[in-house]
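Some notes on the structure that comes next.
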Amino acid sequence: MKLWRYAGAQQLHLEQGTKPTPNAGEVVLRVSACGICATDLKTFQRGHPLIPVGAVLGHEIAGVIAEIGADVTGWQVGERVAVAPYLGCGQCYFCQRGHFSLCEKLYAAFLEPGGFAEWVRVPARLVQQGMFRLNANVDDATGTLFEPLACCLHGLRVLDLTPRDSLLIIGDGTMGLLQAELARHIGAKPILVSGVTPHRLARAQRAADAVIDPREKNLVAEVKRLTNDYGADKVLLSVPDARLLDDAMQCVARGGTINLFAGLPSKETLALSAFRVHYDEVRIVGSFGFGPADFRQAVELVNAHALDLAGIVTRTVRFDDLLAAFHAAGERDIKSVVVMNDG
Ligand SMILES: [Zn+2]
Ligand SMILES: [Zn+2]
């Protein structure tokens, strides 16, 4: 089978690999589509501390069951599914406390070899708890959005977003746009999105009550104006830039919460107002990845068409053109998805 192997920064090689076969409890999927994630792009552009050279990238997949191992019941060859790329083990110290994305064995059961391959082997743990049927009216490209949606749901859960809350999302990337859609579903109001990319802000407007380009308007003043001077009850920092925490701190309401959602470099340190944390009871939290319940909920929402996801996937590319897609990825698109050559 064909696969794309990550060979170091700026290098992806199209290679022949061995088609996986399922062990007991496992299935093998024919990949239909795989999303290109910010993590994949980051890895390609400048390497990633957790992703070794030689890996096959891609973890946002939709596929068709091609082979079923022994002891797997309830599934049939030919069914269209989406699958979580990893799940907490449920047994370790952190899983026992509900911190599934902090699982000590988080990557022990991962899609093999990775999503940018024609076939993938799905480990037993993921077959049991992380594989879900795609409704017939959900297309393959949309089916790749479960993982980013699950991460966003986890982020909103950590933030404890409720219909009473006003929300500021700093960032108009894929995650910021998905968070706006989810926040709308939850009923938060107003939903404000700040960003600097006009076509992404235009897309954000479908879910947000207002969008703000901080180069054109003073972000803090706008957020205050749109929240009766209180500031935003909840703030998502969905751009990997710690300097924006300062904006978040100025925009958050008393008693509010800021979630450092976007990944920040390991050496990054933060300067924040101790006054606001103490006297205004502002909380700073973080969220990473997702747990089983988040992924399941993402599937339910998409299968039920409860979210407006039109216009999130802005580009589909053929499998053979993956390298060109990585080179071309940038501001012009929102989300690119690789679809298999035979459609
Ligand atoms: Zn992803
Ligand atoms: Zn665990």
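Position one of the sequence shown corresponds to residue 68 (the numbering used here), numbered consecutively onward.
Positions of the beta carbon are idealized from the N, C-alpha and C atoms, including for glycine.
In this text the structure is predicted, and so the values were computed from the model without any measurement.
- Sequence-distant Cβ neighbours of residue 366 in its own chain, meaning closer than 7 Å and more than five residues away, are 149, 199, 213.
- Boundaries of the beta strand (DSSP E) harbouring residue 260: 258 to 261, taken from the DSSP string.
- Per DSSP, the continuous alpha helix (DSSP H) segment holding residue 370 begins and ends at 359 to 370.
- The closest CA to that of residue 239, considering only 293, 306, 340, is found on 306.
- Using a C-beta cut-off of 8 Å, the region 110 to 121 makes no contact with the region 336 to 347, since fewer than three inter-stretch Cβ pairs fall below that distance.
- If you ignore the 5 residues before and after residue 147, its C-beta comes within less than 6 Å of the C-beta of 131, 201, all in its own chain and listed in chain order.
- For residue 321, the uninterrupted beta strand (DSSP E) run begins and ends at 319 to 327, by DSSP.
- Using a Cβ-Cβ distance cut-off of 8 Å, the region 180 to 191 and the region 83 to 103 are in contact, since at least three pairs of beta carbons, one from each stretch, lie closer than that value.
- Contact annotation: the region 323 to 342 does not touch the region 163 to 182, with fewer than three C-beta pairs closer than 8 Å.
- Across the set 84, 110, 68, the C-alpha of 110 shows the shortest separation from the C-alpha of residue 394.
- Annotation: the continuous alpha helix (DSSP H) that includes residue 242 extends over 241 to 253.
- DSSP places residue 101 within a strand segment (E or B) once states are collapsed to three.
- Residue 246 counts as buried, since at least 16 other C-beta atoms from the protein chains shown sit within 10 angstroms of its C-beta.
- Counting only the Cα atoms, residue 268 lies some 38 Å from residue 172.
- Within the same chain, and ignoring the five residues on either side of residue 83 in sequence, no residue has its Cβ closer than 6 Å to its Cβ.
- Relative to the non-hydrogen atoms of ligand 2, the Cβ of residue 218 never comes closer than 8 Å to any of them.
- Collapsing the DSSP output to three states places residue 272 in coil.
- According to the DSSP assignment, residue 73 belongs to the beta strand (DSSP E) that extends over 69 to 73.
- Excluding its 5 nearest sequence neighbours in each direction, residue 128 has C-beta neighbours in its own chain below 6 Å: 98, 101, 182, listed in chain order.
- Collapsing the DSSP output to three states places residue 131 in a strand.
- Cα atoms of residue 304 and residue 91: separation of roughly 42 Å, rounded to the nearest angstrom.
- Taking one beta carbon from each stretch, the region 344 to 363 and the region 156 to 168 have 3 or more pairs nearer than 8 Å; the two touch.
- Note that the C-beta distance between residue 250 and residue 234 is below 9 Å.
- For residue 213, the enclosing alpha helix (DSSP H) stretches over residues 213 to 226.
- Residue burial is scored here from C-beta neighbours: residue 209 has at least 16 other C-beta atoms within 10 angstroms and is therefore classed as buried.
- For residue 167, the closest C-alpha among the options 392, 139, 221, 135 is that of 221.
- Relative to the Cα of residue 151, the nearest Cα in the group 211, 72, 370, 354 belongs to 211.
- Fully enclosed beta strand (DSSP E) runs of no fewer than 3 residues occupy 147 to 150 of the region 134 to 178, in order along the chain.
- Taking C-alpha positions only, residue 296 is separated from residue 401 by approximately 32 Å.
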